[in-house]
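A short write-up of the structure that comes next.
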Amino acid sequence: MATVSNNLFRPDGKNSIHDGIEHAPGGGAALIDPTDVVLLLLDHQSGLFQNVKDITVSELRANTTALAKMAALFEIPVITTASVPEGPNGPLMPEIHEAAPHAVHVPRKGEVNAWDNKAFVETVEKTGKRTLIMGGVWTSVCVMFPALDAKAAGYKVYAVIDASGDPSEMASRTTLARFIQAGVVPTSANAVICEMQRTWNRSDAAPVANLYTMVSPNYRAVIESFQKAQDVVKGKL
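Throughout the sequence shown, residue numbering follows the working numbering, covering 1 to 237 in sequence.
Shown next as structure tokens:
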């Protein structure tokens, strides 16, 4: 498997999210502030996966895992929750906590809406972050309900549509309409990763590049061609 060497990008070892960026006036002002983010991964449970029809489950799991790895890489807080995992909804997908060992899990006792769970809301509040990035299953319920409530509570809310899943295309489309009406911003996993990254001029560019291969497997070819070009320049080939 091809990988990219870190030293091709940021030999000085600096890794601030703002390092390497030369802002034009207003540059980045409309994008997510990487320093004000918490990632909420909601009800990615095996039983619910069986009813997802608007995205393949393999893509959904890969995109969700990529977000978890991104959060670990960029030191972004992660909160997971599941509703009665011992019931028909099933257990939470293990890849999330494997990729983000720092993630905090908040169990629920049957509340459909995570925002109805006091412990969950308090855990979000304790992060001090005001920008919430959400993904979950189902989009039309487990993401939409807390997204609308959080927006009403004054948070900036982004819903990662391809790290979420619904039982039909119609459910997904109507949910998108409600998001937009309420001011919740629909987005994608690759867009979130790139907004957190902001620049290739950083010491962790190599693992960031590998994140893109999770959300777009053909991106591996970009890495391979880049590595080949670097090897030629260095006289290795």
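Virtual Cβ for every residue (Gly too), placed ideally from N, Cα, C.
Being a predicted model, the structure only gives us computed values, none of them experimental.
Pairwise C-alpha distance: residue j and residue i
{"i": "L48", "j": "K234", "result": "50 Å"}
{"i": "Y158", "j": "N210", "result": "23 Å"}
{"i": "L92", "j": "H44", "result": "5 Å"}
{"i": "A205", "j": "A62", "result": "20 Å"}
{"i": "R173", "j": "L148", "result": "16 Å"}
{"i": "M246", "j": "P207", "result": "Residue 246 lies beyond the range of the chain shown here (1 to 237); nothing can be said about it."}
{"i": "K69", "j": "A99", "result": "5 Å"}
{"i": "N51", "j": "A71", "result": "27 Å"}
{"i": "V192", "j": "L40", "result": "13 Å"}
{"i": "A182", "j": "N113", "result": "17 Å"}
{"i": "P107", "j": "N89", "result": "13 Å"}
{"i": "D239", "j": "V124", "result": "Here the chain has residues from 1 to 237 only, and residue 239 is not among them."}
{"i": "G110", "j": "G165", "result": "20 Å"}
{"i": "G154", "j": "T64", "result": "25 Å"}
{"i": "E95", "j": "A221", "result": "25 Å"}
{"i": "Q227", "j": "S83", "result": "44 Å"}
Which residues DSSP lists as bridging residue i, in chain order
{"i": "R198", "result": "Partner(s): none; R198 has no beta bridge."}
{"i": "I193", "result": "DSSP, once it has assigned bridges, lists no residue as partnering I193."}
{"i": "P207", "result": "In the DSSP output, where bridge partners are listed per residue, P207 has none listed."}
{"i": "Q227", "result": "According to DSSP, which records beta bridges pairwise, Q227 is partnered with nothing at all."}
Exposed unless 16 or more other CB atoms sit within 10 angstroms - verdict on residue i
{"i": "P77", "result": "buried"}
{"i": "V137", "result": "buried"}
{"i": "V215", "result": "buried"}
{"i": "T139", "result": "buried"}
{"i": "A66", "result": "buried"}
{"i": "T35", "result": "exposed"}
{"i": "N117", "result": "buried"}
For residue i, the three-state DSSP class (helix, strand or coil)
{"i": "A82", "result": "strand"}
{"i": "L159", "result": "It is worth fixing the name first, because residue 159 is Ala in this sequence and not Leu. Correct three-state label for A159: strand."}
{"i": "V184", "result": "coil"}
{"i": "L92", "result": "strand"}
Member of the options whose CA lies at the smallest distance from the CA of residue i
{"i": "T127", "options": "I32, A30, F74, V38", "result": "V38"}
{"i": "R202", "options": "A30, K53, F74, I161", "result": "F74"}
{"i": "I180", "options": "I161, S83, F120", "result": "I161"}
{"i": "H105", "options": "E86, L176, T80", "result": "T80"}
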